[in-house]
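Below you'll find the structure, written out as structure tokens, and then a few comments.
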Amino acid sequence: MTRVPVNKTYKLYVGGAFPRSESGRTYEAEAHNIAQASRKDLRDAVRIARGATAKWAGMTAYNRGQVLYRVAEMMEARASELAELCGGREEVERSVDRVVWYAGWTDKIAQVLGGANPVAGPYFNFTMPEPTGVVGIVAPGEPALLGLVSRLAPVLAGGNTAVVVASEAHPRAAIELAEVLATSDVPGGVVNVLTGLRDELAPHLASHLDVDALDLDRGDAELERAAADNVKRVVFARGDTQSPYEISSFLELKTVWHPMGQ
Amino acid sequence: MTEELAFRGFEYAPAPESRSIVRLEDAYGLFVGGRWREPAETYTTISPASEEPLAQVGQAGPEDVGAAVAAAREAFAGQWSALRPAERAKYLYRIARLLQERAREFAVLESLNGGKPIKESRDVDLPLAAAHFFYYAGWADKLEYAFPNRRPRPIGVAGQIIPWNFPLLMLAWKIAPALAAGNTVVLKPAETTPLTALLFCDVLRQAELPRGVVNIVTGDGRTGAALVSHPDVDKIAFTGSTEVGKAIQRELAGTGKGLTLELGGKAANIVFDDAPLDQAVEGIVNGIFFNQGHVCCAGSRLLVQESIQQPLIDKLKRRLGTLRVGDPLDKNTDVGAINSAAQLQRIEELVAAGEQEGAEIYQPPCRLPEQGYWFAPTVFTNVAQSHRIAQEEIFGPVLSALTFRTPEEAVEKANNTAYGLSAGVWTEKGSRILWTAQRLRAGVVWANTFNRFDPTSPFGGYKESGFGREGGLHGLEPYLRFDGDATEWGG
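In order, the protein sequences belong to chains A and B. For the first sequence, this note's numbering assigns the number 1 to the initial residue and increments by one for each residue that follows. For the second sequence, this note's numbering assigns the number 263 to the initial residue and increments by one for each residue that follows.
What follows is the structure, given as structure tokens:
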């Protein structure tokens, strides 16, 4: 007797849950019906991401590092499923290793980027990095998994929350990754994944006044212009990069002064 | 009233700094490729304290800007990028020393052309400008240690646009890191304050800086726009209003050019009930009346804990009565002239809006000079967060006072702005300082002090106050590209 497999319904990942698009729309990609997020889905996701910033940024860096390491553990456990949705086993392994690498940065980046400044006066002065806030990520079209992981991991390591527009052509790896995140102690709302049409969603992400930074898959004059409305930091995906400076792109530096005296 | 009179009872004899140390030309050209270039158009630059014309200055057009960019490109491609970094450093050290040697001359000219009190240009602007060059000089041959594993390289030609509030200091903040990183620059001073930048060209001559490494084009916003849109400029650094900053960000969209923005602010200065009140009053006064409040990081919103509002405001009003407003070149002057007629009009408009919206205005009795642009130190109380004077940057000697009850409310109100440049905290409790500083969304937090600057200390904004930092090794990063960062997928 043949068993009929239970097929997955591909949905969005917003606020730790997997809703359909409020628009009820889907589009076909990778031979599946994929939720086609709307502008309203995007705005909901931004609102939820904003709400999640205090908890994620407020965690100790050690704790955030452990949660990201847990993400790597869960990816490893789902390695064969992920491998089917991207370039294969090697891409999965590199993605897992990349998450582990960034997990280790959470409690080290502050000492690399910040420190005490030897000002010419009787003041104690120090600089420390802080998360920028809500980051909009337009994921690279491919590689499906490593591309997304390479952009998302540094954003999270820095303590930001994210609204991701997944690869339009290869959205299933992003949804699989969302299922990993949902089971990895990453608080709901810290990562929100929208599937749909890049050209429909990205302009709304770029112009949204409560998005603080934008990570783009490529130079795009229209999106960059929209980003200027609230002086967003605009970052361009730099290929297969693994660098602490990918984290610092989404950090603000705060400098605090205090007089020294008796 | 009698108390007020008692405080105002002291008469100060005039103590003017002599102008004779400054020799002004009748007319200045544009500094392009190490030579003075005749501008097609000129305008008159004045002293805002007297409206006296000081000199004719060039209004650089697109062709002039093009010539300056070409000179910068040639210098970059030629000897400047080939120079050993240690030698590059020595030019910057020379500039620092020359500024120290000629500090008095620059300070007088800065006050003359910009209206700021001589004690500020003498004790703040000039020492800090020289210090910036001295600090960044030392970085020129140490960049690999600042950015390990990144293989730092200069970007090329930097276009730099600076404001009128700290003309020479902003020039130093821009030029010193750019040159230390190995770039060449085209700098546009503010329309109303070109003279110290033009005098700086003489320092470059004395330093024997290779021709074309620094080019200075004066003019209004049209000159800045020509520089921003010039295709051969690799990076733009802008300090000025958020409105213009956004326009520049839009203009550069899709070009791949580097950009750093240091924009406006509406800083909260938070005073908790345990703060040392007399020190806090001095800090509030320094925060908003330093440089006539023409300071992007000015503490323009006073947030005072409700229980100490009355004594604090009383002390503050009394202190206002002792501020001496007048001749910028007088060594006793605390508050100088408003920089321009246009800025005075902007301040007057916002102050009128404050009164219309129901805030209570206080200005100490003070005689303002007949000629020139002046505005009395002003404090608004009974201000609501929705008032324009609580939301918009006034960029003048006008303080808006609001109250709060709990630390949480103070932080929420402090952050209730699109800006995020700076903030102040006054309390004797160390843990509360750190708690508050951590929650303030601002790039610089002064605790129990205000308006301190240092070349080693990164400065710059969160949110709509811009991005990028000036000062410290962080200030070098926007002037470098990193060959070590670039990789291809699967590489």
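Even for Gly, the Cβ is constructed at its ideal location relative to N, Cα and C.
Using a Cβ-Cβ distance cut-off of 9 Å, determine whether residue i contacts chain A.
i, result
"Q511/B", "yes"
"A515/B", "yes"
"R747/B", "According to the sequence as given, residue 747/B is Asp; it is not Arg. Cβ-Cβ to chain A under 9 Å: yes for D747/B."
"R731/B", "yes"
"W708/B", "yes"
"F744/B", "yes"
"G753/B", "Interpretation of G753/B is limited by its pLDDT of 45, a score under 50 that renders its predicted location unreliable; no figure is taken from the coordinates."
"L702/B", "yes"
"T689/B", "no"
Checking contacts by CB at 9 Å: is residue i closer than that to chain B?
i, result
"K254/A", "yes"
"W105/A", "no"
"V290/A", "The structure shown does not extend to residue 290/A, since chain A is modelled only from 1 to 262, so the question has no answer here."
"T127/A", "yes"
"Y123/A", "yes"
"R225/A", "yes"
"D229/A", "yes"
"A162/A", "no"
"S243/A", "yes"
"V149/A", "no"
"L113/A", "yes"
"R238/A", "yes"
"V119/A", "yes"
Residues in the same chain with beta-carbon distance under 8 Å from residue i, minus the five sequence neighbours each way, listed in chain order, please.
i, result
"V370/B", "E279, S280, R281, I283, V284, I380, S383 and L591"
"R238/A", "E246"
"V465/B", "I357, L360, L361 and R364"
"G291/B", "W298, R299, E300, P301 and G320"
Would you identify the three-state DSSP class for residue i, choosing helix, strand or coil?
i, result
"E655/B", "coil"
"F712/B", "coil"
"S38/A", "coil"
"L585/B", "coil"
"L197/A", "coil"
"Y102/A", "helix"
"W426/B", "coil"
"L471/B", "coil"
"S662/B", "strand"
"A603/B", "helix"
"Y305/B", "strand"
"Q647/B", "coil"
"R297/B", "strand"
"A442/B", "helix"
"A289/B", "strand"
"G320/B", "strand"
"K579/B", "helix"
"A420/B", "strand"
Using a Cβ-Cβ cutoff of less than 7 Å, which residues in the same chain neighbour residue i once the five nearest sequence positions on both sides are dropped?
i, result
"V100/A", "Y69 and A72"
"G588/B", "T595 and P631"
"A49/A", "V134, T161, A162, V163, G189 and N192"
"M263/B", "Note that M263/B scores a pLDDT of 44, beneath 50, so its modelled location is shaky; the value from the coordinates is reported in the next line. Here the set comprises nothing."
Inspect the beta-carbon positions of residue i and residue j and report whether they are closer than 9 Å.
i, j, result
"Y10/A", "G196/A", "no"
"G421/B", "L360/B", "no"
"R198/A", "V235/A", "no"
"A560/B", "G549/B", "yes"
"R473/B", "A337/B", "yes"
"W688/B", "A515/B", "no"
"I424/B", "P451/B", "yes"
"I623/B", "I609/B", "no"
"D494/B", "R335/B", "yes"
"A438/B", "L523/B", "no"
"K254/A", "V707/B", "yes"
"P143/A", "E93/A", "no"
Give every residue of the same chain whose Cβ lies closer than 6 Å to the Cβ of residue i, excluding the five residues on either side of it in the sequence, and list them in chain order.
i, result
"A672/B", "I532, L565 and F666"
"A140/A", "It should be pointed out that residue 140/A corresponds to Pro in this sequence rather than to Ala. The answer, listed in chain order, is G147, D217 and A237."
"A268/B", "Residue placement at A268/B is flagged as unreliable, the pLDDT there being 49, under the threshold of 50; a coordinate-derived value is accordingly withheld."
"G158/A", "P131, I247, F250 and L251"
Nearer than 8 Å: is that true of the beta carbon of residue i relative to any heavy atom of the ligand SAM?
i, result
"L523/B", "By its list of ligands, the structure shown contains no ligand whatsoever, and the ligand SAM lies outside what it can speak to."
Give the residues from the segment 716-727 of chain B that approach chain A closer than 9 Å (Cβ to any Cβ), ordered along the chain.
D716, P717, T718, S719, P720, F721, G722, G723, Y724, K725, E726 and S727
For the segment 541-558 of chain B, list every residue whose C-beta sits within 7 Å of some C-beta in chain A, in sequence order.
none
Closer than 9 Å, Cβ to Cβ, to anything on chain E: give me those residues from the segment 614-625 of chain B, in chain order.
Here chain E cannot be found, since the structure's protein chains are A and B.
Taking a cut of 8 Å between CB atoms, which residues from the segment 199-222 of chain A lie near chain B?
D212, G219, D220, A221 and E222
Proximal residues, the segment 385-398 of chain B versus chain A, C-beta separation under 8 Å
A393
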